[in-house]
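J.: Quick mapping for you: the protein sequence lines, in order, are chains A and B. Going by the numbering used here, the first sequence runs without a break in its numbering and finishes at 528. Going by the numbering used here, the second sequence runs without a break in its numbering and finishes at 528. Shown below is the structure under consideration.
2 protein chains.
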Amino acid sequence: MTEARVAKESDVKLTRFELEVMGALWELGSASVRELQERLPEGKRPAYTTVQTIVYRLEEKGAVRRVKKVGNAHVFEPMVTRRATVRRLFDELLGFFGGSPRTLMAQLVEGGHLTLEDLREAEETLERLESDKNATDERAAVESQSKATGRKGGGKGRRR
Amino acid sequence: MTEARVAKESDVKLTRFELEVMGALWELGSASVRELQERLPEGKRPAYTTVQTIVYRLEEKGAVRRVKKVGNAHVFEPMVTRRATVRRLFDELLGFFGGSPRTLMAQLVEGGHLTLEDLREAEETLERLESDKNATDERAAVESQSKATGRKGGGKGRRR
DNA sequence: ACTGTCCTACGACAGAAGTAGTAGATTCAA
DNA sequence: TTGAATCTACTACTTCTGTCGTAGGACAGT
Numbered sequence: 369m370t371e372a373r374v375a376k377e378s379d380v381k382l383t384r385f386e387l388e389v390m391g392a393l394w395e396l397g398s399a400s401v402r403e404l405q406e407r408l409p410e411g412k413r414p415a416y417t418t419v420q421t422i423v424y425r426l427e428e429k430g431a432v433r434r435v436k437k438v439g440n441a442h443v444f445e446p447m448v449t450r451r452a453t454v455r456r457l458f459d460e461l462l463g464f465f466g467g468s469p470r471t472l473m474a475q476l477v478e479g480g481h482l483t484l485e486d487l488r489e490a491e492e493t494l495e496r497l498e499s500d501k502n503a504t505d506e507r508a509a510v511e512s513q514s515k516a517t518g519r520k521g522g523g524k525g526r527r528r
Numbered sequence: 369m370t371e372a373r374v375a376k377e378s379d380v381k382l383t384r385f386e387l388e389v390m391g392a393l394w395e396l397g398s399a400s401v402r403e404l405q406e407r408l409p410e411g412k413r414p415a416y417t418t419v420q421t422i423v424y425r426l427e428e429k430g431a432v433r434r435v436k437k438v439g440n441a442h443v444f445e446p447m448v449t450r451r452a453t454v455r456r457l458f459d460e461l462l463g464f465f466g467g468s469p470r471t472l473m474a475q476l477v478e479g480g481h482l483t484l485e486d487l488r489e490a491e492e493t494l495e496r497l498e499s500d501k502n503a504t505d506e507r508a509a510v511e512s513q514s515k516a517t518g519r520k521g522g523g524k525g526r527r528r
């Protein structure tokens, strides 16, 4: 039955190539195997069946699901959000930096990855988010704290 | 002879666990296999030989090298900087976001990973960097290139 | 010189990831 | 109703990762 596991969005662990495919799927919203394959960068565009295999594995991991059929082809849709996935990857990254976003940010900045504008915009996003939060008073601890993600370094949860 | 490949720092591709070990090595500056093993988080602390294997593989990838011996044990030192590594990982991340740091930043912010303070500090770092650059007149970001390992191939300096 | 302890250098192996071929089912346009 | 084109559902590697065990070398006491 190739039953897709119902996984907590937060524990879906993707490999590089799976991420690559998810990237395409996130962009397209939903797509067939062929569409996905065609969106992959020319250089590293594997055979059709290779992509198919990846998609199947993603399905088993609960990262995507079939939503409908077009012709004889299945159309897949993401089950995990890009956001949740980045969060996950970022957390991993943090692991190698004593869990400090600061340090990581510094490295990124120094590495020339981020421009002042990027940061400014991020700030705006953040501020907008804050006020939204206050205005609506929205509670709900949403998905976030699933469980102290087994951080390695001494405790010290990031405070905001 | 287990000759370590002289790899361009930028093309060293590390796996999760290798990163984990590198994390420990970056923190210690230089260390023996045992020291590295002991710095790994209790929970996931593999057997001594497992760590040893990882270190050997890192050596072959040119990510670390033996610098000396203490007793009968080798002491290793990182050959790739933490910075360069983060850069690499970040680049990969960007791949899933249409190459836009903005989008990624937004996701991070929304995910509650970054606080306003984190951003402010990053900005300062950036500004400090800018003026340093202008004042000091651009100087190679070398930092840990202790010895020029015959590095000469066609440089493919990524600039963004 | 003998012995226990700690390393190193290899060799192994299971499971994950990447890559793809094939047989048979579907679909679509004649 | 046929046949080509396209998919799907498997099966099958090969490589890469994570994990160790073991044999034999080095060294510190005794």
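C-beta atoms are modelled at their ideal positions from N, C-alpha and C, and glycine is treated no differently. In this text the structure is predicted, and so the values were computed from the model without any measurement.
#1: Does any CB atom of chain B fall closer than 8 Å to the CB of A/M390?
#2: What residue from B/Y424, B/L382, B/P409 has the CA that sits closest to B/V401's CA?
#3: Would you mind sorting B/A415 into buried or exposed? The rule is 16 or more other CB atoms within 10 Å of its CB.
#4: For a minimum of 3 consecutive residues, which ranges assigned as the beta strand (DSSP E) are wholly contained in the region 389-453 of chain A?
#5: When the Cα atoms are used, what is the spatial distance from B/K412 to A/S468?
#6: For B/G479, which of helix, strand or coil comes out of DSSP?
#7: Between the region 469-483 of chain B and chain A, which residues of the former have CB atoms less than 7 Å from a CB of the latter, in chain order?
#8: What is the rounded straight-line gap between the Cα of B/L404 and the Cα of B/V389?
#9: Quick check: A/A431 and A/L382, are their CB atoms within less than 8 Å of each other?
#10: Counting only beta-carbon separations shorter than 8 Å, does B/F444 have a partner in chain A?
#11: With 8 Å as the threshold, decide whether the Cβ of A/L457 is near any Cβ in chain B.
#12: Which residue wins for smallest C-alpha separation from A/T483, given the options B/G479, B/F444, B/A490?
#13: Sorted by chain position, which residues of the same chain lie with C-beta nearer than 8 Å to B/D505's C-beta, five sequence neighbours on each side aside?
#14: Using a C-beta cutoff of 8 Å, does A/V432 count as contacting chain B?
#15: By how many angstroms is the C-alpha of B/E492 removed from the C-alpha of A/L497?
#16: Could you confirm whether any beta carbon from chain A is found closer than 8 Å to the beta carbon of B/F385?
#17: Could you compute how far the alpha carbon of A/F444 sits from the alpha carbon of B/T417?
#18: Closest Cβ-Cβ distance between A/R407 and chain B: below 8 Å?
#19: DSSP three-state label for A/L382, please.
#20: Could you have a look at A/G466 and say whether DSSP puts it in helix, strand or coil?
#21: Report yes or no: is there a C-beta of chain B within less than 8 Å of the C-beta of A/V380?
#22: Residues of chain A with CB under 8 Å from B/R450, in chain order?
#23: Just how far apart, CA to CA, sit B/E495 and A/A474?
#24: For A/L450, collect the residues of the same chain with a Cβ closer than 6 Å to its Cβ; drop the 5 residues on either side in sequence, then sort them by chain order.
#25: If we call anything under 8 Å between Cβ atoms a contact, is B/L387 one with A/F458?
#26: Listing by chain order, which chain B residues have their CB less than 7 Å from the CB of A/E491?
#27: Going by beta carbon distance, what residues of the same chain come within less than 8 Å of B/A399, once the five residues before and after it are set aside?
#28: If we call anything under 8 Å between Cβ atoms a contact, is B/G479 one with A/R455?
#29: Please determine, among B/F385, B/E485, B/K429, the residue with the shortest C-alpha to C-alpha distance to B/V419.
#30: Under 8 Å between beta-carbons, which chain A residues line up against B/L497? List them in chain order, please.
#31: Looking at the C-beta of B/L393, does it have a partner C-beta in chain A at a distance below 8 Å?
T.: Quick look at the numbers:
#1: Stepping through the first sequence from its first residue, residue 390 of chain A is reached at position 22. For A/M390, the answer is yes, since a Cβ of chain B falls inside 8 Å of its Cβ.
#2: For the purposes of this step, residue 401 of chain B is taken as the residue at position 33 of the second sequence. For B/V401, the nearest C-alpha among the options comes from B/Y424.
#3: If you number the second sequence from 1, residue 415 of chain B lands on position 47. Per the 10 Å Cβ criterion, exposed.
#4: 432-438, 441-446
#5: For this step, residue 412 of chain B is matched to residue 44 along the second sequence. For this step, residue 468 of chain A is matched to residue 100 along the first sequence. Rounded to whole angstroms, B/K412 to A/S468 spans 20 Å at the Cα level.
#6: Locating residue 479 of chain B in the second sequence gives position 111, where the first residue counts as 1. Coil.
#7: P469, R470, L472, M473, A474, Q475, L476, V477, E478, G479, G480, H481, L482, T483
#8: Position 36 of the second sequence holds residue 404 of chain B. Position 21 of the second sequence holds residue 389 of chain B. So the alpha carbons of these two residues sit roughly 7 Å apart.
#9: Walking along the first sequence from the start, residue 431 of chain A turns up at place 63. Walking along the first sequence from the start, residue 382 of chain A turns up at place 14. Yes.
#10: Here residue 444 of chain B refers to the residue found at position 76 when the second sequence is read from its first residue. Chain A, which has no Cβ nearer than 8 Å to the Cβ of B/F444, makes this no.
#11: On the first sequence, position 89 is the one that residue 457 of chain A refers to. Yes - at least one Cβ of chain B is within 8 Å of the one on A/L457.
#12: The sequence position of residue 483 of chain A within the first sequence is 115, counting from 1. Answer by Cα proximity: B/A490.
#13: Translated into positions along the second sequence, residue 505 of chain B becomes position 137. The predicted model places B/D505 with a pLDDT of 49, which falls under 50 and marks its position as unreliable; any figure quoted below should be read in that light. So no residue of the chain qualifies.
#14: On the first sequence, position 64 is the one that residue 432 of chain A refers to. So, not an interface residue.
#15: For this step, residue 497 of chain A is matched to residue 129 along the first sequence. For this step, residue 492 of chain B is matched to residue 124 along the second sequence. So the alpha carbons of these two residues sit roughly 22 Å apart.
#16: The count along the second sequence starts at 1 and reaches residue 385 of chain B at position 17. By this cut-off, B/F385 is not an interface position.
#17: By 1-based counting over the first sequence, the position of residue 444 of chain A is 76. By 1-based counting over the second sequence, the position of residue 417 of chain B is 49. Taking the straight line joining both Cα atoms gives about 43 Å.
#18: Residue 407 of chain A sits at position 39 when you count from the first residue of the first sequence. Cβ-Cβ to chain B under 8 Å: no for A/R407.
#19: Here residue 382 of chain A refers to the residue found at position 14 of the first sequence. Looking at A/L382 - three-state DSSP - the assignment turns out to be coil, as it is neither helix nor strand.
#20: Translated into the one-based positions of the first sequence, residue 466 of chain A becomes position 98. Residue state, collapsed to three classes: coil.
#21: By 1-based counting over the first sequence, the position of residue 380 of chain A is 12. Output row for A/V380: interface = no.
#22: Taking the second sequence and counting its residues from 1, the one referred to as residue 450 of chain B is at position 82. Ordered by position in chain A, the residues that pass the 8 Å Cβ test against B/R450 are F464, F465, Q475.
#23: Counting from 1 along the second sequence, the entry for residue 495 of chain B is found at position 127. Counting from 1 along the first sequence, the entry for residue 474 of chain A is found at position 106. If you take the alpha carbons of B/E495 and A/A474, they lie about 11 Å apart.
#24: Position 82 of the first sequence, counting from 1, holds the residue named residue 450 of chain A. What sits at residue 450 of chain A in the sequence shown is Arg, not Leu. So the list reads W394, once near-sequence residues are dropped.
#25: The residue given as residue 387 of chain B occupies position 19 in the second sequence. The residue given as residue 458 of chain A occupies position 90 in the first sequence. No, these two residues do not count as a Cβ contact at 8 Å.
#26: For the purposes of this step, residue 491 of chain A is taken as the residue at position 123 of the first sequence. Ordered by position in chain B, the residues that pass the 7 Å Cβ test against A/E491 are L484, L487.
#27: Indexing the second sequence from 1 puts residue 399 of chain B at position 31. So the qualifying residues of the chain are A392, L393, R407, V443, F444.
#28: Within the second sequence, the letter at position 111 stands for residue 479 of chain B. Within the first sequence, the letter at position 87 stands for residue 455 of chain A. The answer is yes: Cβ separation under 8 Å.
#29: In the second sequence, residue 419 of chain B corresponds to position 51, counting from 1. Among B/F385, B/E485, B/K429, the Cα nearest to that of B/V419 belongs to B/F385.
#30: Walking along the second sequence from the start, residue 497 of chain B turns up at place 129. What B/L497 touches in chain A: V477, E478.
#31: Position 25 of the second sequence, counted from the first residue, corresponds to residue 393 of chain B. Judged by the 8 Å Cβ criterion, B/L393 is not in contact with chain A.
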